[in-house]
Amino acid sequence: MVVAKKFVIRKAFDGEPKSSDLALVEETLQPVKEGEIMVQAEYISVDPYMRPFSVHQAVGSTMIGIQVARVIETKHPKYPVDKRVVAFLGWRTHAVFNPDVSLGYGMIKHKTYSLPNFDDLPASLALGVLGLPGIAAYFGFLEICKPQPFETLVVSSAAGAIGSHVGQIAKILGLRTIGITDSDTKGKWLVDELGFDAAINYKTENVVEALKRAAPDGVDCYFDNVGGEISSAVISQMRIHGRISVCGSVSCYNSGDILRHEVLPKATALQPALTSLQLKMEGFFVTRWTSVWYEGIEKNLAWIREGKLRYKETITYGFENTFEAFVGMLRGENVGKAIVKL
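Numbered according to our numbering, the sequence shown spans residues 565 to 906.
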């Protein structure tokens with residue numbers, strides 16, 4: 565019998581997650597039945613969305629998340645031993661499941677799929693630039709912002725997995741691109757290595773004044789990963805008919821009462837800008853593009869092959885350190901995609 569390790573929720577997160585909120589437990593797996601596979605995790609993704617969605621998980625449930633795993637036992641004709649899969653199995657080392665059944669809950673439904681052929685590229689990219697973050701960047705930017713050459717884009721949390729990807733797509737399409745981040749080191753990476761036109765350190769600069777210098781004619785597109793005061797500053801500098809794609813709101817993810825809808829958030833008065841500038845603002849969750857998932861992967865892969873799209877991973881080693889990787893990501897300690905390698 566195979567014994568799996570997994571992180572389960574012991575107590576709902578309140579504020580910044582604490583290690584005591586989770587428990588590392590063992591589980592003896594059931595034998596593999598017809599139509600099922602047993603997998604062993606190789607990489608686990610830690611992502612911002614896990615913080616808000618975890619508040620809806622029951623105590624005792626496995627912490628949510630996507631992983632790249634290798635098939636070690638099978639009774640499914642399409643999934644032989646040693647095939648790699650991308651599956652929504654959460655924070656666990658091993659699992660037995662039916663890969664034909666979508667996993668997850670609520671609006672998070674993720675269909676298991678075989679790892680595409682990346683040739684010499686690492687399999688971990690299936691959790692980043694060639695996975696969910698890459699799909700969010702590709703479709704969330706192109707379909708909602710509808711960018712045009714010579715326009716100006718601002719992206720917040722620009723050194724993260726999604727923000728750094730969106731900014732590079734904008735450069736490929738001929739936009740002026742400005743990234744907002746939390747350190748000069750990250751800003752230098754955005755400009756010197758990824759080709760951003762400018763970077764703003766919101767911790768040391770006045771965002772409104774910095775935007776006036778970097779985008780004197782205003783902002784056409786804003787890809788929002790953070791919400792809060794940073795987004796208020798960007799929206800105040802937008803041009804008429806600007807477009808805003810809302811991917812996330814990291815600034816409030818540790819406000820458990822807001823996430824549980826126990827209190828209403830204090831809404832910044834954005835309506836005057838939305839009406840007077842006739843702005844379009846739309847939020848999304850990446851699963852809306854499930855039907856065209858492979859299209860996004862193929863396009864992003866082609867850009868990597870052409871040398872137009874670069875990626876960076878912050879890798880934490882060891883399953884037992886998954887929680888530390890998660891909290892570090894929420895604090896902004898990662899550059900690019902945060903990954904746990906088992």
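Idealized CB from N, CA, C, for every residue including glycine.
Boundaries for residue 573: no alpha helix (DSSP H) harbours it, while the beta strand (DSSP E) harbouring it runs 567 to 573, taken from the DSSP string.
Secondary structure of residue 852 (DSSP, three-state): helix. The residue from 892, 889, 869 with its alpha-carbon nearest to that of residue 693 is 869. If you ignore the 5 residues before and after residue 738, its C-beta comes within less than 6 Å of the C-beta of 713, all in its own chain and listed in chain order. DSSP lists 601 as the beta-bridge partner residues of residue 661. The Cβ atoms of residue 570 and residue 627 lie closer than 9 Å to each other.
Under the DSSP assignment, residue 729 falls outside any beta strand (DSSP E), being part of the alpha helix (DSSP H) whose first and last residues are 725 to 736.
When Cβ pairs closer than 8 Å are counted between the two stretches, the stretch 593 to 600 is seen not to touch the stretch 620 to 636, the count staying below three. Fewer than three pairs of CB atoms, one per stretch, sit closer than 8 Å, so the stretch 646 to 665 makes no contact with the stretch 847 to 863. With a beta-carbon spacing of about 6 Å, residue 744 and residue 794 fall inside the 8 Å limit used to define contacts.
Contact between residue 875 and residue 689 is confirmed by a C-beta separation of about 7 Å, below the 8 Å threshold.
The residue from 898, 835, 890, 903 with its alpha-carbon nearest to that of residue 581 is 890. Looking at 708, 806, 673, the one whose alpha-carbon comes closest to that of residue 696 is 673. By the neighbour-count definition (other C-beta atoms within 10 Å, threshold 16), residue 638 is a buried residue.
With fewer than 16 other Cβ atoms inside 10 Å of its own Cβ, residue 644 counts as exposed. Every alpha helix (DSSP H) stretch that sits fully inside the stretch 862 to 899 and reaches 4 residues is listed by chain position as 886 to 894. Taking all protein chains shown into account, residue 600 has 16 or more neighbouring C-beta atoms within 10 Å of its C-beta and is therefore buried.
Put simply, the backbone Cα of residue 606 is about 5 Å away from that of residue 906. According to the DSSP assignment, residue 794 belongs to the alpha helix (DSSP H) that extends over 792 to 799. Take the alpha-carbon of residue 718 and the one of residue 814: they are about 16 Å apart. Collapsing the DSSP output to three states places residue 676 in coil. Across the set 621, 612, 610, 566, the C-alpha of 621 shows the shortest separation from the C-alpha of residue 574. Secondary structure note for residue 631: it is in no alpha helix (DSSP H), and the uninterrupted beta strand (DSSP E) holding it is 631 to 638.
With respect to residue 805, residue 835 sits apart: the two C-beta atoms are not nearer than 9 Å. Excluding sequence positions up to five before and after residue 778, its CB lies within less than 8 Å of the CB of 742, 761, 762, 764, all in the same chain and listed in chain order. Residue 708 sits in a helix when the DSSP states are folded into three classes. Contact annotation: residue 724 and residue 896 have beta-carbon atoms nearer than 9 Å.
In terms of Cβ geometry, residue 567 and residue 602 do not form a close pair [threshold 9 Å]. Counting only residues of its own chain and dropping the five nearest sequence neighbours on each side, residue 715 has a CB closer than 7 Å to the CB of 739, 784, 785. Here the alpha carbon of residue 801 sits roughly 39 Å from the alpha carbon of residue 668. Remark: C-beta atoms of residue 883 and residue 586 do not approach each other more closely than 9 Å. Per the DSSP secondary-structure output, residue 847 pairs in a beta bridge with 810.
Residue 668 carries a strand assignment under DSSP once its states are collapsed to helix, strand and coil. Listed as beta-bridge partners of residue 783 by DSSP are 802.
In the displayed model, residue 743 falls within a strand according to three-state DSSP.
Secondary structure of residue 758 (DSSP, three-state): coil.
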